[in-house]
Amino acid sequence: MAVARRFHLARELGVGSFGAVYLAEMESAGGFRRKVALKLLRPELDQVSDASRRLRDEARLLGRLRHRHIVQVDDLIRVNGRWAVVMEYVPGFDLEQLLLGLKAIDAPFPPLAAVQVTRAVALALDAAYTGRAGGEEPLRVVHRDIKPSNVRLTEEGEVKVLDFGIARADFQGREAKTEQVRYGSVAYMSPERLL
Numbered sequence: 008m009a010v011a012r013r014f015h016l017a018r019e020l021g022v023g024s025f026g027a028v029y030l031a032e033m034e035s036a037g038g039f040r041r042k043v044a045l046k047l048l049r050p051e052l053d054q055v056s057d058a059s060r061r062l063r064d065e066a067r068l069l070g071r072l073r074h075r076h077i078v079q080v081d082d083l084i085r086v087n088g089r090w091a092v093v094m095e096y097v098p099g100f101d102l103e104q105l106l107l108g109l110k111a112i113d114a115p116f117p118p119l120a121a122v123q124v125t126r127a128v129a130l131a132l133d134a135a136y137t138g139r140a141g142g143e144e145p146l147r148v149v150h151r152d153i154k155p156s157n158v159r160l161t162e163e164g165e166v167k168v169l170d171f172g173i174a175r176a177d178f179q180g181r182e183a184k185t186e187q188v189r190y191g192s193v194a195y196m197s198p199e200r201l202l
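Under the working numbering, think of the first position of the sequence shown as 8, with each following residue one higher.
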């Protein structure tokens, strides 16, 4: 049975090389409404096999991972003929915005907060690597693009790791092949990936 849903885009939350993420209101039967983040593949990339496969893999992968410090994915859908990922909306700001704001007022990042954020990110990355879905072997997910802009913070102090779009993983149903292509942000790449 198909469930009809509509999405009303409110505003753009961010743009990456493969697409954009929007704050959207999801509306379904019976007047049910909820704020979600909708990651839409850029129109010109929807038919590009590698980009399309990576977006679908990211959705399938995150659909299997359940961890309090990893953004949750609810669905992989087509919107106006384009692939889209329906994700948990995490209100707040990213770590890069926080660091730039602190730098602008010449304030240090409080050491306890730095430890708490680092611990949450480490727990998320460990869960991604060692996590099992439905009795499978560990997923062995390597994020490959961990950087301040991919760490989201809420006003309540929650920490969420985002954007597993270029992750390397071992799971059934994976479409994209890991090749010697350097996706990611050079400034945050591990040295072995630069070689």
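In this text, a Cβ means the ideal position worked out from N, Cα and C, and glycines have one as well.
The structure displayed is predicted, hence computed values, not measured ones.
- Just so you know, the alpha carbons of Glu144 and Asp113 end up roughly 47 angstroms apart.
- Less than 9 angstroms separates the beta-carbon of Val158 from that of Leu169.
- Contact check between the region 132–139 and the region 37–48: fewer than three CB pairs, one atom from each, fall below 8 angstroms, which does not count as touching.
- Leu160 and Leu102 have their alpha carbons spaced roughly 7 angstroms apart.
- No Cβ-Cβ contact shorter than 9 angstroms links Arg151 with Arg126.
- Cβ contact annotation for Leu107 (same chain, cutoff 8 angstroms, sequence separation greater than five): none.
- With fewer than 16 other beta carbons inside 10 angstroms of its own, Lys110 counts as exposed.
- Residue range 26–35 is occupied by the beta strand (DSSP E) that includes Ser35.
- Residue range 80–86 is occupied by the beta strand (DSSP E) that includes Asp81.
- Between Ala135 and Val93, the CB-CB gap reaches or exceeds 9 angstroms.
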